[in-house]
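Participant: Below you will find the structure I want to go over with you.
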Amino acid sequence: MRLAVAVLGLTVISGACASGSKPQAAAHVEMREGVRAAQRSYWQEAFFRFERARNLNPTNGEVLNNLAVALEALGRYDEALAAYKQALQDTPKSSVIRKNYARFAEFYTSYAKGVKPKEGSDAPR
Numbered sequence: 820m821r822l823a824v825a826v827l828g829l830t831v832i833s834g835a836c837a838s839g840s841k842p843q844a845a846a847h848v849e850m851r852e853g854v855r856a857a858q859r860s861y862w863q864e865a866f867f868r869f870e871r872a873r874n875l876n877p878t879n880g881e882v883l884n885n886l887a888v889a890l891e892a893l894g895r896y897d898e899a900l901a902a903y904k905q906a907l908q909d910t911p912k913s914s915v916i917r918k919n920y921a922r923f924a925e926f927y928t929s930y931a932k933g934v935k936p937k938e939g940s941d942a943p944r
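FYI, the numbering for the sequence shown is 820 to 944, going by the working numbering.
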């Protein structure tokens with residue numbers, strides 16, 4: 820549930836990309852569809868949509884953040900870490916991205932050490 824919230828927070832932010840060029844408008848459509856998939860916990864579909872959005876708009880931090888959230892939900896933690904880092908590099912002032920990255924980094928540190936998340940925690944599974 821928390822992962823969906825992380826994605827949903829970017830719906831409004833990503834709306835700004837619809838006013839630009841055709842690739843940006845297409846990326847916005849893919850983001851919107853990815854968010855819809857994430858709301859239903861269809862993480863593979865969300866990943867597919869966010870990946871398409873990234874291909875259309877590769878330096879958009881919000882797209883990369885949503886891609887990272889989907890990768891995290893799919894258990895692809897190393898790829899999620901790379902996507903979060905790229906999102907921070909491309910959009911360093913985004914408090915949403917910084918918050919998502921901080922939450923994930925806390926989990927990832929334990930994961931990398933081989934510590935399993937506590938039952939019932941918000942950590943990815």
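The beta carbon of each residue, even a glycine, is placed where N, CA and C say it ideally should be.
With distance defined between alpha-carbon atoms, name the residue in Arg922, Val934, Phe869, Tyr903 nearest to Arg847.
Facilitator: Here residue 847 is taken as the residue at index 28 of the sequence shown, counted from 1. According to the sequence provided, residue 847 is His. The question's Arg does not apply to it. For His847, the closest C-alpha among the options Arg922, Val934, Phe869, Tyr903 is that of Phe869.
Participant: If you reduce the DSSP assignment to three classes, tell me which class Arg859 lands in.
Facilitator: Numbered from 1 along the sequence shown, position 40 holds the residue referred to as residue 859. Coil at Arg859, not helix or strand.
Participant: Out of Leu907, Ala844, Tyr896, Gly933, point me to the one whose CA is closest to Leu883's CA.
Facilitator: Locating residue 883 in the sequence shown gives position 64, where the first residue counts as 1. Of the candidates Leu907, Ala844, Tyr896, Gly933, the one whose C-alpha sits nearest the C-alpha of Leu883 is Leu907.
Participant: Is the distance from the Cβ of Tyr903 to the Cβ of Tyr920 below 8 Å?
Facilitator: Counting from one through the sequence shown, the residue named residue 903 turns up at place 84. Counting from one through the sequence shown, the residue named residue 920 turns up at place 101. Going by C-beta atoms, Tyr903 is nearer than 8 Å to Tyr920.
Participant: For Ala887, tell me which candidate among Lys841, Tyr927, Lys912 has the shortest Cα-Cα distance.
Facilitator: Counting from one through the sequence shown, the residue named residue 887 turns up at place 68. Measuring from the Cα of Ala887, the nearest candidate turns out to be Tyr927.
Participant: Between the alpha carbons of Ile916 and Leu890, how many angstroms are there, rounded?
Facilitator: Indexing the sequence shown from 1 puts residue 916 at position 97. Indexing the sequence shown from 1 puts residue 890 at position 71. Computed Cα separation, rounded: 15 Å.
Participant: What is the rounded straight-line gap between the Cα of Ala931 and the Cα of Lys918?
Facilitator: Position 112 of the sequence shown holds residue 931. Position 99 of the sequence shown holds residue 918. Whole-angstrom Cα-Cα distance: 20 Å.
Participant: If contacts are defined as beta-carbon pairs under 8 Å, then Leu893 and Trp862 qualify, I think. What distance do you get, rounded to the angstrom?
Facilitator: Taking the sequence shown and counting its residues from 1, the one referred to as residue 893 is at position 74. Taking the sequence shown and counting its residues from 1, the one referred to as residue 862 is at position 43. Right, the Cβ-Cβ distance comes to about 5 Å (below 8 Å), so this counts as a contact.
Participant: If I follow the unbroken alpha helix (DSSP H) through Arg922, where does it start and stop?
Facilitator: The residue given as residue 922 occupies position 103 in the sequence shown. That run of the alpha helix (DSSP H) goes 914-932.
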